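**Q** Numbering (this note's numbering), first residue to last: 1 to 251.
Don't be surprised by glycine CBs; every beta carbon is placed ideally from N, CA and C.
From a predicted model like this one, the values you see are computed outputs, not experimental measurements.
Below you will find the structure I want to go over with you.
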Amino acid sequence: MTLRGLIPESPPGERSLVLVAGDHPETMANLLGDVFADQPVAVETTRAETFDEDTVLLVEDGTVLAQSPLAALQDAILLINSDLFTTGTRPVDEVQVPAVLEGLQDVPFRLRGYPESNAEKLLLIVFSRLVERRALEANAGRLRASFQRLSRIDDEVGTRRVYERLGESGVEVHVYGVPDWDPTTELAVVSHGGRGPDFRRAWFVVFTPAGGAGSPHGLLAYETEHRRWHGFYTTDPARVSEIDATISRRM
């Protein structure tokens with residue numbers, strides 16, 4: 001199995017993000033719609049007395065799977081940009097992923113990067129930071145992360161800070177990418193360099209816990225065209241294990 005082949009083609013069910021209308025419902029629905037444009041997740045607006053206004057619901061087949069305040073989504077993906085993470089303005093400890101986003105596990109996304117979209121790629125960044133945070137919290141196990149170019153770890157202040165901390169933790173850290181910089185000279189990580197398609201196009205952050213500390217988390221995406229990504233986030237132990245094993249075997 002290839003890394004790209006591990007990404008599911010269809011979601012586990014019909015899921016929708018439903019905004020319970022409050023102030024400026026059309027504006028907020030449009031922002032949500034921008035993030036999830038052309039995704040297998042519908043964005044809807046409703047009025048429901050059983051939920052507070054300005055709440056977002058994750059719904060599957062009429063069942064509410066999760067709910068989050070709209071403000072939490074605004075802070076996570078709607079009213080921010082990626083600079084918060086790359087510059088280190090938002091430390092990894094402060095990354096909060098609303099329950100309705102975490103509930104999108106195993107849903108395959110097709111996302112565009114800048115300049116085609118200012119918002120879609122944020123999903124990949126937020127889920128990446130979430131996996132890194134879970135690894136730091138567990139302080140044990142193994143983390144595998146790819147960067148397309150290893151120099152990106154050094155170029156992005158926020159990313160370097162995260163991997164400095166991970167390297168100093170009890171987590172075994174493996175990093176992957178085109179070898180245009182050697183991270184082992186400055187960070188306590190194991191470096192894997194290559195120039196094949198998986199090194200240049202794969203984006204993954206995969207945490208495998210050890211000794212009962214933490215739970216498995218994984219993000220896997222693949223660049224199918226320039227600045228266009230196909231990927232998913234998962235906490236399914238079997239899927240995380242399969243991604244981890246495939247990375248180890250192929251890279």
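What residues in its chain sit with their C-beta under 8 Å from that of Glu186, if we drop five residues either side in the sequence?
**A** Taken in chain order, the residues that qualify are Asp154.
**Q** Consult DSSP for Val276 and reduce its assignment to one of helix, strand or coil.
**A** What is shown of the chain runs 1 to 251, which leaves residue 276 out entirely.
**Q** Select from Gln105, Asn139, Ala138, Gly141 the residue whose C-alpha is nearest the C-alpha of Leu124.
**A** Out of Gln105, Asn139, Ala138, Gly141, Gln105 has the C-alpha closest to the C-alpha of Leu124.
**Q** Identify, in the order they occur along the chain, each residue of the same chain with its Cβ nearer than 7 Å to the Cβ of Gly170, setting aside the five sequence neighbours on each side.
**A** Cβ neighbours of Gly170 beyond the five flanking positions: Asn139, Ala140.
**Q** Flag this pair as yes or no: are the beta carbons of Val205 and Ser128 separated by less than 8 Å?
**A** Yes.
**Q** So, does the region 27–43 touch the region 81–99, judging by three or more C-beta pairs under 8 Å?
**A** With the cut-off at 8 Å, the region 27–43 and the region 81–99 do not touch.
**Q** On the CB-based measure, 16 or more other CB atoms within 10 Å of its CB, does Asp244 come out buried or exposed?
**A** The residue is buried, with at least 16 neighbouring Cβ atoms inside 10 Å.
**Q** Return the bridge partner residues of Pro69 from the DSSP annotation.
**A** Answer is Thr55.
**Q** For His226, which residues does DSSP report across the bridge?
**A** Beta-bridge pairing links His226 to no other residue.
**Q** Do you know offhand how far Ser146's Cα is from Val100's?
**A** Taking the straight line joining both Cα atoms gives about 26 Å.
**Q** Please confirm if the region 46–61 is in contact with the region 8–17, defined as three or more CB-CB distances below 8 Å between the two stretches.
**A** Enough Cβ pairs lie closer than 8 Å, so yes.
**Q** How is Thr246 classed by DSSP in three states: helix, strand or coil?
**A** Of the three classes helix, strand and coil, the one that applies to Thr246 here is helix, per DSSP.
**Q** Can you tell me whether Ala210 is buried or exposed? The criterion is at least 16 other CB atoms within 10 Å of its CB, across all chains shown.
**A** Classification of Ala210: exposed, given that the 10 Å Cβ count is below 16.
**Q** Where Arg201 and Gly158 are concerned, what is the direct C-alpha to C-alpha distance, given to the nearest angstrom?
**A** For Arg201 and Gly158, the distance between alpha carbons rounds to 21 Å.
**Q** From what residue to what residue does the beta strand (DSSP E) around Ala202 run?
**A** Unbroken beta strand (DSSP E) run through Ala202: 202–208.
**Q** Does the separation of the CB atoms of Phe232 and Pro12 fall below 8 Å?
**A** For Phe232 and Pro12, no; Cβs fall outside 8 Å.
**Q** Got a sec, what are the start and stop residues for the beta strand (DSSP E) Val157 sits in?
**A** Element bounds for Val157: not the beta strand (DSSP E) but the alpha helix (DSSP H), 157–168.
**Q** Could you compute how far the alpha carbon of Leu220 sits from the alpha carbon of Val95?
**A** Their Cα atoms are separated by approximately 19 Å.
**Q** In chain order, what residues of the same chain have a beta carbon less than 7 Å from the beta carbon of Ala76, not counting five sequence neighbours either side?
**A** Only Gln96, Val97, Pro98, Leu101, Val126 meet the Cβ criterion.
**Q** So, at 8 Å on beta carbons, what are the nonlocal neighbours of Leu6 in its own chain, with the 5 sequence-adjacent residues on each side left out?
**A** So the list reads Leu220, Arg239, Glu242, Ile243, Thr246, once near-sequence residues are dropped.
**Q** Measure from the alpha carbon of Glu120 to the alpha carbon of each residue in Pro237, Met1, Glu172, Arg227, then state which is nearest.
**A** When each option's Cα is compared against that of Glu120, the closest is Arg227.
**Q** Can you look up Ala48 in the DSSP assignment and give me helix, strand or coil?
**A** Note: Ala48 maps to coil in three-state DSSP.
**Q** Could you check how far apart the C-beta atoms of Gly193 and Val178 are, in whole angstroms? I think they sit under 8 Å.
**A** Indeed they touch by this definition, with Cβ atoms about 7 Å apart.
**Q** Tell me which same chain residues have a C-beta within less than 6 Å of the C-beta of His217, skipping the five on either side of it?
**A** Only Val131, Arg134, Phe207, Thr235 meet the Cβ criterion.
**Q** DSSP state of Gly62, grouped into three classes?
**A** The answer is coil: DSSP assigns Gly62 none of H, G, I, E or B.
**Q** Just mark Ala48 as buried or exposed, buried being the case when its beta carbon has 16 or more other beta carbons within 10 Å.
**A** Counting Cβ neighbours within 10 Å, Ala48 comes out exposed, since fewer than 16 surround it.
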